[in-house]
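Presented below is the structure to which this report refers.
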Amino acid sequence: HPQVQGSLLGSVNPDLASERQTASFSVEKLTAWLDGGTEHTRLRRAVVEAIECDPVFSRENQYFESQNERYEAAVRKAVHLQKKMDEMGWTENGPEFKALSGDLAFLLHRIFTRSISMLGSDQQIAKWIPLATQYQLIGSYAQTELGHGTYLQGLETTAVFDITTQEFVLNTPNISAMKWWPGDMGRSATHTVVFAQLYVNGKCYGLHPFIVQIRSLQDHSLCPGITAGDIGPKMNFEHIDNGYLMLQNVRVPRENMLSKFCEVQPDGTYVRRGSQKINYFTMTTVRISLILDEVVIPLMKACTIAIRYSVVRRQSKLKPGEQEAKILDYQTQQEKLLPQLAAAYAFYFISDYLQELFDRGYREIQRKNFDMLPELHAFSSGFKAMVTQYSTSAVEICLRACGGHGYSLLSGLPSLYTKIVASCIYEGENTILFLQTARFLIKCFMAASTGQPVPPSVTYLAAVTPEKCPAKNKLDFLSPDIYTEAYQHMAARLINSTAAKLQDLVQSGVKKHDAWNQCTVQLAQAAKAHCHYITVKNFAETVEKLETQPGIQKIMKHLCDLFALHGIFSNAGVFLHDGYISGAQMDMVTASYLDLLAVIRKDAVPLVDAFDFTDKTLNSALGSYDGQVYQRLYEWAQKSPTNKQISPAYERYLKPLLHKTLSKL
Amino acid sequence: PPRALVINDPDFQHEDLNFLSRSQRYEQAIRKSSLMVLKLREYGITDPDEIYWFKSFVHRGRPEPLDLHLGMFLPTLLTQATPEQQDRFFMPAWNLEIIGTYAQTEMGHGTHLRGLETTATYDPATQEFILNSPTVTSIKWWPGGLGKTSNHAIVLAQLYTQGQCKGLHAFIVPIRQLGTHEPLPGITVGDIGPKFGYDEMDNGYLKMDNFRIPRENMLMKYAQVEPDGTYVKPLSDKLTYGTMVFIRSLIVGDSARSLSRACTIAIRYSAVRHQSELKPGEPEPQILDYQTQQYKLFPLLATAYAFHFVGAYIKDTYHRISGDIHEGDLSELPELHALTAGLKAFTSWTANAGIEECRMACGGHGYSRCSGIPDIYVTFTPSCTYEGENTVMMLQTARFLVKSYTQVSSGQQVTGMVSYLNDLSRQRIQPQHVAARSVAVRINDPVSLVEAYKARAARLVEAAAKNLQAELNHRKSKEDAWNRTSVDLVRASEAHCHYVIVKLFTAKLAEISNAAVRAVLTELCLLYALYGISKNTGDFLQAGILTDAQITQVNQRVKELLAIIRPNAVALVDSFDFHDVHLGSVLGRYDGNVYENMFEWAKKSPLNKTEVHESFHKHLKPMQSKL
């Protein structure tokens, strides 16, 4: 954003500068530790710099553009990125890609490519991948339908094998079977991977992937039998052309069914090879990677904006005769924001934990050992659900904590919120994911209680813990052993009691699936409790490993305590329920929790500075590093089209209204 | 005129707003508002309630640029202008030669009014006020209709006369030239840019540089500045409470309506959507048959009903005592003021979260603008901030609660909704009171549950008051002590409001004469009360109001009630009687033909205007030829 003459932009607001002088730790060291070393920090910064100085990637006008303009900008940027990747030798999985914070088209093109690499035969890979990498075609990935999402077996699109022509005939048998939501499909894609129920000789073989061309490679017009378009405006992702697709007797050659695992032979024989289980693994990969990129990073940005704004905004007086107080000095404001900051750190660490678990699992799978798959699947589901749900509400709290100005798009918070909130649905609806985790936990609990081996992460289900929390005063609740054990006890109790309830129902003659449905509210709660426990435990262990960096360890310990105590404070009932924590102990928890707010308050700004987002990445009038909030709001508002273009409303309607000539309309 | 006539009036039709740009939406809104004003006159509608309904049909419950003119500018003239000022301004404003707005909030200050910085300095030499925006933070920011529509504004400014600041006062300020609509010299005015919602509203900014207005433009029915600059004080400052109570009661009603709309959409859609399987081999069930889906939606449905009754109660109470207010009897105002502050916050927070839960209960399709819920949410969510930021509101209620508690502690009796505090002093004589009472709660009896909520509120108010006293005993300043207790204080206010709502809902049941209606509303009332307990078990357990075993029963009973309410769920939202046009949702249509209509809706998307998007020729094709 160009500086206006006489503008304060760039010189740091003293209210923010003072916050940075009193940091109890080195921000630079914390940043380096979060990045995984100073070399990583240097590399990341270089990449961000390279991208942000390129005007094509500018997001300056993002908040003022229409859906059509956003889409065009996304295509322009994606095309430019492709060129730049070739020039600079960047790779798809490199840090450059992550530095682009949004508004890019062709994300589904990458999924298209990935699905062919994973599900296609060697010949199919040899044929399609070069075309895709050189953008001779643009791909999409069409799974979700109007009528079905997470429940894949319910998808209705059909692919019938026609032995006479050696083709599959694809159809959308009714309106709810229309493909709906796939990104890049509304306007851009020429090809897509369509998931359809395969029929051979009248027999249904379930869902299979087919490569289908939908638009002409010459003039981009729709192919015969294809109806496709954009599904219309959404809460966010205006830049992506999420699309619909209807197929009427669309024929594709037999070779277009992706056939690494299943094949229909020319005579109609259906052959299955390899393990289907690996399909789980793709979903697991996506869920784990989205936690950091799509959820934790936006949460960190929201915290940065809200906390910086809260030390610039002064409102009312704390002491008579003094200057108005920074709103972050109010206990209620601290209680809104600081637990969210602690959660951002907690989830950053849990994403590391999941990545490690995943890497271990992947090594096993390469050795053809699939034992870890159920655990990986259960963990990726549960944590995806917990982290997205928690972070979504956290970002919304940040938004509302900024009062009226948070409601302006220029704050950056509404778009962070509408983006993160989508993550509660995509890649598996959260309630269903919690129930999948619960199924795994109940199974493990049954196994553990009969002495069978279970994965190390769930051995606690059979562990014997004390009946009562041993804490004697409020300081005891700053001991990770004390609160981790409380969480462990609570999670084990919820899983245990739900399992008992299920058993009771079944023994009293209720059918298994009915019993399951009657317990789903409890089951989801139990799964969430398990994930919460692991998150607290992992945070505490991460802090413990920091002993070589005492400065950082101290502040991380405070955050860990805050995260844990906030969870007990806000879910007091489940800890009190069986008397594990007594009423008097709950008062100690509250006291310690509120004390911590004041302690962390002092380091709040350094803690968000350490996330090291550039102003361009944040794209927020409230959250910039220099804290010139009001000046920036005023200057950005001038750029609004409502101020630059003359609205026809005055001449057409207002003038006749004011001049009493409206009846002539 | 009947609702269908207004809704189907060809003058009020236009393309789906979701497909229009901000400028286009503003233009449509202005067009409809202009015609609406003419038609209101044509039909001879002058009753405020009727105007409200007419407006909500024309604009389908959405904000519009004349809202502030009709809702704030005109009423303020009526209540605060002198007869001479009414002669000059009221009729031109009534006839819309003058379009006005109400400019209070500034960039730097909102709820904390004393912090506003705009100044109006009286110059006896010319008998004028000189208006100034001395800092960036003093720029008026947010007033609706200010950016592009209004030619006048009632500006709130710190009055300076004879070298002294006399606090905030209201001034009528012309901002645009009549005829050309150009800003007047000394006035900088414009639109504040895009927001989360309120696309059709030109929320604006206003900066004034030595802008002079005649002395007679200060609203002087109460406070006055005489020609020589002598300041005459108003009689009472409690009068402004009346307006605040009224506006906050509207927000409570709006919480109920917005949540009802979201519930209508989510529940109807959940009856149409089939997914997965409950029993092996059977067809896919309606998603409303899943316990988890019922658990998401039915407590919100019960909440929507509860808030309807609360909104009606406050409105009635306000009307009941507004006669007294006119007579100068303000004795009931402080309690009502404290109560509405808290209820405004409680209901808007709950509805805000509830709307989002409804949307997420619609899965992916809830995320599409065609569901209508994103729009309900972005339009509703600012009510957590405007007309008093919610946390500040809760603390205002808390101040009243602590004051009442202190009165009781010093032996006085208190009355009204806080009279339960009187019991605290009695209980103090018998220290074992609570444990003895816990068994008494009957979880199937709403009246008994009201008692449980009462006990919880009493305990949390007492705890907060004691913690405040403990902080004061640590020789903290009053303000420090208050700040260090504010989390407790907010909890106490929330518990108090929760109690009031359960109490009002329960009281309403007795007024219902139709047995079937009373039965179903009793189920909803029980669900509301029991769900509230199950979400706050900590409070009830810690205070010994309920035992572990009772909590288990409560959780079980909540699930039973879900199944009991299930057959009536659609009927209960149909009773809200939202017209499809008003609901603005493809998922929530009365006829339930969701999927066909989603397809029809999508075809109208701006990206679909041409078969091949221009980006293909501009970007895609050149790239393909280069690679």
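Residue numbers (the working numbering), protein chains in the order written: chain S, 162 to 826; chain C, 3 to 629. Every residue, glycine too, gets a C-beta built ideally from N, C-alpha and C.
For chain C, find out if any of its Cβ atoms is closer than 9 Å to the Cβ of residue 541 of chain S; answer yes or no. By 1-based counting over the first sequence, the position of residue 541 of chain S is 380. For residue 541 of chain S, the answer is no, since every Cβ of chain C falls outside 9 Å of its Cβ.
Within 10 angstroms of its Cβ, does residue 253 of chain S collect 16 or more other Cβ (buried), or is it exposed? One-based indexing of the first sequence puts residue 253 of chain S at position 92. Classification of residue 253 of chain S: exposed, given that the 10 Å Cβ count is below 16.
Among S:378, S:770, S:226 and S:269, which residue has its Cα nearest to the Cα of residue 297 of chain S? One-based indexing of the first sequence puts residue 297 of chain S at position 136. Measuring from the Cα of residue 297 of chain S, the nearest candidate turns out to be S:378.
Can you check whether the C-beta of residue 552 of chain C is within less than 9 Å of a C-beta belonging to chain S? Locating residue 552 of chain C in the second sequence gives position 550, where the first residue counts as 1. Chain S, which has no Cβ nearer than 9 Å to the Cβ of residue 552 of chain C, makes this no.
Show which residues of chain C have a CB atom less than 8 Å away from the CB atom of residue 747 of chain S. Indexing the first sequence from 1 puts residue 747 of chain S at position 586. Chain C residues near residue 747 of chain S: 540 and 544.
Rounded to a whole number of angstroms, what is the C-alpha to C-alpha distance between residue 560 of chain C and residue 453 of chain C? One-based indexing of the second sequence puts residue 560 of chain C at position 558. One-based indexing of the second sequence puts residue 453 of chain C at position 451. In a straight line, the C-alpha of residue 560 of chain C is about 19 Å away from that of residue 453 of chain C.
With DSSP collapsed to three states, give me the class of residue 775 of chain S. Within the first sequence, residue 775 of chain S is the residue found at index 614, counting from 1. The DSSP-derived three-state label of residue 775 of chain S is coil.
When the Cα of residue 381 of chain C is compared with those of C:501, C:475 and C:203, which residue comes out closest? On the second sequence, residue 381 of chain C is found 379 positions in, with the first residue counted as 1. Nearest C-alpha to residue 381 of chain C: C:203.
Which two residues bound the contiguous alpha helix (DSSP H) that contains residue 620 of chain S? Mapped onto the first sequence, residue 620 of chain S falls at position 459. Annotation: residue 620 of chain S is outside any alpha helix (DSSP H) and is labelled neither H nor E by DSSP.
So, helix, strand or coil for residue 533 of chain C, using DSSP? Residue numbering aside, residue 533 of chain C sits at position 531 when the second sequence is read from its first letter. Note: residue 533 of chain C maps to helix in three-state DSSP.
Is the beta carbon of residue 269 of chain C closer than 9 Å to that of residue 290 of chain C? Taking the first residue of the second sequence as position 1, residue 290 of chain C is located at position 288. Taking the first residue of the second sequence as position 1, residue 269 of chain C is located at position 267. For residue 290 of chain C and residue 269 of chain C, yes; Cβs fall inside 9 Å.
Using a cut-off of 8 Å between C-beta atoms, extract the partners of residue 733 of chain S located in chain C. Within the first sequence, the letter at position 572 stands for residue 733 of chain S. Per Cβ cutoff of 8 Å: 539, 540, 541, 543 and 544.
Proximity test, Cβ basis, 9 Å: residue 624 of chain C and chain S: Counted from its first residue, the second sequence places residue 624 of chain C at position 622. Yes, its Cβ sits closer than 9 Å to a Cβ of chain S.
With DSSP as the reference, label residue 827 of chain S as helix, strand or coil. Here chain S comprises residues numbered 162 to 826, so residue 827 of chain S is not present and cannot be evaluated.
If we define contact as Cβ-Cβ less than 9 Å, is residue 8 of chain C a contact residue for chain S? The residue labelled residue 8 of chain C in the question sits at position 6 within the second sequence. For residue 8 of chain C, the answer is no, since every Cβ of chain S falls outside 9 Å of its Cβ.
When you compare the CB of residue 347 of chain C with every CB in chain S, is at least one pair closer than 9 Å? As a first step, residue 347 of chain C must be located in the second sequence, where it is residue number 345. Cβ-Cβ to chain S under 9 Å: no for residue 347 of chain C.
By how many angstroms is the C-alpha of residue 447 of chain C removed from the C-alpha of residue 563 of chain C? By one-based count along the second sequence, residue 563 of chain C stands at place 561. By one-based count along the second sequence, residue 447 of chain C stands at place 445. Their backbone Cα atoms lie some 13 Å apart in a straight line.
In chain S, what lies closer than 8 Å to residue 613 of chain C by C-beta? Taking the second sequence and counting its residues from 1, the one referred to as residue 613 of chain C is at position 611. Those are 382 and 383, listed as they occur along chain S.
Closer than 9 Å by beta-carbon distance: list the chain C residues that pair up with residue 797 of chain S, in chain order. Along the first sequence, one-based indexing puts residue 797 of chain S at 636. Ordered by position in chain C, the residues that pass the 9 Å Cβ test against residue 797 of chain S are 195.
Under the DSSP definition of a beta bridge, which residues are partnered with residue 323 of chain S? Taking the first sequence and counting its residues from 1, one reaches residue 323 of chain S at position 162. Paired residue(s): S:328.
Put residue 125 of chain C into one of helix, strand or coil per three-state DSSP. Within the second sequence, the letter at position 123 stands for residue 125 of chain C. Note: residue 125 of chain C maps to strand in three-state DSSP.
Can you tell me the Cβ-Cβ gap for residue 425 of chain S and residue 373 of chain S, rounded? I've got them flagged as a contact below 8 Å. Locating residue 425 of chain S in the first sequence gives position 264, where the first residue counts as 1. Locating residue 373 of chain S in the first sequence gives position 212, where the first residue counts as 1. Residue 425 of chain S to residue 373 of chain S, Cβ: 16 Å. No contact.
Interfacial residues, the stretch 354-379 of chain C to chain S, with Cβ spacing under 7 Å: 362, 365, 366, 369, 370, 371, 372 and 376
Pairwise C-alpha distance: residue 572 of chain C and residue 368 of chain C: Residue mapping note: residue 368 of chain C aligns to position 366 of the second sequence, counting from 1. Residue mapping note: residue 572 of chain C aligns to position 570 of the second sequence, counting from 1. Those two C-alpha atoms are separated by around 18 Å.
If you measure from the beta carbon of residue 804 of chain S to each beta carbon in chain C, is any gap under 9 Å? The residue you call residue 804 of chain S lines up with position 643 of the first sequence. Yes - at least one Cβ of chain C is within 9 Å of the one on residue 804 of chain S.
Reference residue 335 of chain C, options C:235, C:248, C:298 and C:587, closest by Cα: Along the second sequence, one-based indexing puts residue 335 of chain C at 333. Closest option to residue 335 of chain C, Cα to Cα, is C:248.
With a 10 Å radius around its C-beta and 16 neighbouring C-beta atoms as the bar for buried, classify residue 484 of chain S as buried or exposed. Taking the first residue of the first sequence as position 1, residue 484 of chain S is located at position 323. Under this definition residue 484 of chain S is an exposed residue.
Would you give the residue range spanned by the beta strand (DSSP E) that residue 163 of chain C belongs to? Indexing the second sequence from 1 puts residue 163 of chain C at position 161. Note, residue 163 of chain C: beta strand (DSSP E), 154-163.
Could you tell me how far apart the beta carbons of residue 402 of chain S and residue 391 of chain S are, in whole angstroms, since I believe they sit closer than 8 Å? Here the question's residue 402 of chain S lines up with position 241 in the first sequence. Here the question's residue 391 of chain S lines up with position 230 in the first sequence. Yes, residue 402 of chain S and residue 391 of chain S are in contact; Cβ-Cβ is about 5 Å, under 8 Å.
Which of helix, strand or coil does DSSP assign to residue 408 of chain S? Taking the first residue of the first sequence as position 1, residue 408 of chain S is located at position 247. Secondary structure at residue 408 of chain S: strand, using DSSP grouped into helix, strand and coil.
Can you tell me which of C:362, C:525 and C:183 puts its alpha carbon nearest to the alpha carbon of residue 504 of chain C? Reading the second sequence from its first residue, position 502 is the one you call residue 504 of chain C. Checking every option, the nearest Cα to that of residue 504 of chain C belongs to C:525.
Step through the CB atoms of chain S and report whether any lies within less than 9 Å of the CB of residue 28 of chain C. Here residue 28 of chain C corresponds to residue number 26 of the second sequence, with the count starting at 1. Cβ-Cβ to chain S under 9 Å: yes for residue 28 of chain C.
Taking buried to mean at least 16 other C-beta atoms within 10 Å of its own C-beta, is residue 544 of chain C buried or exposed? Residue numbering aside, residue 544 of chain C sits at position 542 when the second sequence is read from its first letter. Result: buried.
Out of C:209, C:187 and C:227, state which residue places its alpha-carbon closest to the alpha-carbon of residue 162 of chain C. If you number the second sequence from 1, residue 162 of chain C lands on position 160. For residue 162 of chain C, the nearest C-alpha among the options comes from C:227.
Using the Cα positions of residue 312 of chain C and residue 578 of chain S, report the straight-line distance between them to the nearest angstrom. Your numbering for residue 312 of chain C matches position 310 in the second sequence. Your numbering for residue 578 of chain S matches position 417 in the first sequence. Going by the C-alpha atoms only, they are around 30 Å apart.
Going by Cα to Cα distance, which pick from S:659, S:363, S:723 and S:421 is closest to residue 286 of chain S? By one-based count along the first sequence, residue 286 of chain S stands at place 125. Among S:659, S:363, S:723 and S:421, the Cα nearest to that of residue 286 of chain S belongs to S:421.
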